[in-house]
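Peer 1: Structure in structure tokens, see below.
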Amino acid sequence: MPVVVTTGDEEGGEDMGEQREHWGSRLGFVMAAVGSAVGLGNMWRFSYLAAESGGAAFVVLYIGMTALVALPIMLAEFTLGRGARQSPVLALAHYGGPAWKPLGWLFVAAGFLILAYYSVIAGWTVRYALLGLRDGFAGDASARFAAISTGLTAIVFHAAFMAVTVSVVAGGVRSGIERTNLVLMPMLFVILIGLAIYASQLDGAALGYAYYLRPRFDELASFSVLSQAAGQAFFSLSLGMGAMLTYASYLDRHEHLPNASLQIAGADFLVAFIAGLAVFPLIFAHGLETAVGESTVGALFITLPTAFEKMGLAGRLVGTLFFAALVVGALTSAIALLEQVVATAMDVFKWPRRSSAIGLGVIIFLMGVPAALDLDVLGKMDQLAGNVFLVIGSLALAIFVGWRMQDPIGEVAIGAPGVRWFFLWRSLLRFVAPPVLIVVLYYSFRALVSGDG
Ligand code: PHE
1 MPVVVTTGDE EGGEDMGEQR EHWGSRLGFV MAAVGSAVGL GNMWRFSYLA
51 AESGGAAFVV LYIGMTALVA LPIMLAEFTL GRGARQSPVL ALAHYGGPAW
101 KPLGWLFVAA GFLILAYYSV IAGWTVRYAL LGLRDGFAGD ASARFAAIST
151 GLTAIVFHAA FMAVTVSVVA GGVRSGIERT NLVLMPMLFV ILIGLAIYAS
201 QLDGAALGYA YYLRPRFDEL ASFSVLSQAA GQAFFSLSLG MGAMLTYASY
251 LDRHEHLPNA SLQIAGADFL VAFIAGLAVF PLIFAHGLET AVGESTVGAL
301 FITLPTAFEK MGLAGRLVGT LFFAALVVGA LTSAIALLEQ VVATAMDVFK
351 WPRRSSAIGL GVIIFLMGVP AALDLDVLGK MDQLAGNVFL VIGSLALAIF
401 VGWRMQDPIG EVAIGAPGVR WFFLWRSLLR FVAPPVLIVV LYYSFRALVS
451 GDG
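Below is the structure:
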């Protein structure tokens, strides 16, 4: 008979079951999951990809990808996490036996890798927000980006951002993660909607919208656009590395998982879409469209600040708010990334939460240093993580829940009485997701090897 002795000041690390931490409310869970999803990926990259290929046609493709492939995988992660009440490694072992543990470790590796460079970029956003607040965006935007994005400044802000992330995760599921998301996510929505409304009043708004959304269905007839849309959906929804699984492991059995998935994916899409409505008018109001084409990062950190500069005082305010929204999105995503890794250490090795958060946070910080010294390294880490790890992870999850797990429908249906389409869900996992993901993986590998994309 195991006797669990707790000192009362440690929230986790006990055996599975009764002692596991728990969300305080349904809204808390949904907000935290939305916080994990909404981040640097969709606040900027989504609209950029749309503008680059297909416009509104890309948006349609993206929604299709989300509905047919990404949403089923999100629901699969939720089902595993809530059912096993364990972080990825043990959840996979719970339903599939020890042979599936390595997949869980792959997820953990992805967590380390993504957070390491993600925190470096997040550090830039912090630096830019402070810049807007204190000095404004005047000066040579390219030179400034070069100074901020690499070297000591980048390392210092990366460290500061990691420290904040660690302190939230160390605070635990309810008083750290849930509380932070409940405060920050509404803030982000308000800022973003405000920015989009402001942008709609600008002279270049119509041109900006046209650049972003003019539908070009012919541009979709390419596997590489298809795989970009899919890759974007997985990255944006934080899928394929067990972050959503981990958040679901703090849920009650009676949570309605299909509704939660729909709400989370819907909110994530809306944020991405609205961010584009804010960004492109700003750029077009100042005739900067020629500067957009160069690179995603350049457009975000060079072109936009140039637009803010041209807008004078209003630009300073708008720019500061814009980067503050990015900081918020990045922080709530980083929290989810770190939590997956920390939860694994707590569940597998029984380490206490605080020491796990601090120790693993330091390791991740160190892994990010090369990315803070060299943009090429950062770009490679991004490609490897987003396009390869998450896609392999999603593929494996689809196969696991579709083919290996016993009675996933019985599990997912708990808390969702009356939902009749679970057989469709499993069919999508079995027959649709795997081939799509294999195509995506092929194109991702090609892009990685050829050095573009
Ligand atoms: N979804 C986050 C974004 O869009 C990134 C992320 C990926 C977060 C994987 C957690 C896990 O920026």
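Read the sequence shown against the working numbering and you will find it ends at 453, with the numbers running on by one and no gaps.
Ideal placement from N, C-alpha and C gives every residue a C-beta, glycine not left out.
#1: MET241: beta carbon under 8 Å from a heavy atom of ligand 1?
#2: Hey, quick one: how far does the alpha helix (DSSP H) through GLU309 stretch, first residue to last?
#3: Does DSSP put GLY298 in a helix, a strand or coil?
#4: If I'm right that VAL89 touches VAL348 with Cβ under 8 Å, what's the distance once you round it to whole angstroms?
#5: Starting from ASN387, trace the alpha helix (DSSP H) both ways and give me its first and last residue.
#6: Please confirm if the region 254-268 is in contact with the region 87-107, defined as three or more CB-CB distances below 8 Å between the two stretches.
#7: Taking only the alpha-carbon atoms, compute the straight-line gap between LEU300 and GLY276 and give it to the nearest angstrom.
#8: Given this structure, state the Cα-to-Cα distance separating GLY453 from GLY379, to the nearest angstrom.
#9: How many angstroms separate the CA atom of LEU360 from the CA atom of ALA163?
#10: Could you check the C-alpha separation between ILE364 and ILE392 for me, to the nearest Å?
#11: ILE114: beta carbon under 8 Å from a heavy atom of ligand 1?
#12: Answer with buried or exposed for VAL190, where buried requires no fewer than 16 other C-beta atoms within 10 angstroms of its C-beta.
#13: Compare the C-alpha of MET43 against each of PHE422, PHE308, PRO352, ALA267 and name the closest.
#14: Between the region 332-350 and the region 205-219, do at least 3 Cβ pairs fall closer than 8 Å?
#15: Kindly indicate which three-state DSSP category MET16 falls into: helix, strand or coil?
#16: Which of helix, strand or coil does DSSP assign to PRO186?
#17: What do you get for ARG134, buried or exposed, if any count of 16 or more other CB atoms within 10 angstroms of its CB means buried?
#18: Could you tell me the alpha carbon to alpha carbon distance between ARG127 and PHE422, rounded to whole angstroms?
#19: Give a single yes or no on whether ASN42 has its beta carbon closer than 8 Å to a heavy atom of ligand 1.
#20: Just mark LEU331 as buried or exposed, buried being the case when its beta carbon has 16 or more other beta carbons within 10 Å.
Peer 2: Result, derived from the coordinates:
#1: yes
#2: 304-310
#3: helix
#4: 6 Å
#5: Careful: ASN387 lies outside any alpha helix (DSSP H) and carries neither H nor E.
#6: no
#7: 12 Å
#8: Residue placement at GLY453 is poorly supported in this model, since its pLDDT is 48, which falls under 50; the coordinates are not used for a value here.
#9: 11 Å
#10: 22 Å
#11: yes
#12: exposed
#13: ALA267
#14: no
#15: At MET16, the pLDDT of 46 sits below 50, so the modelled position is not reliable; the number obtained from the coordinates is stated separately. Note: MET16 maps to coil in three-state DSSP.
#16: helix
#17: exposed
#18: 46 Å
#19: yes
#20: buried
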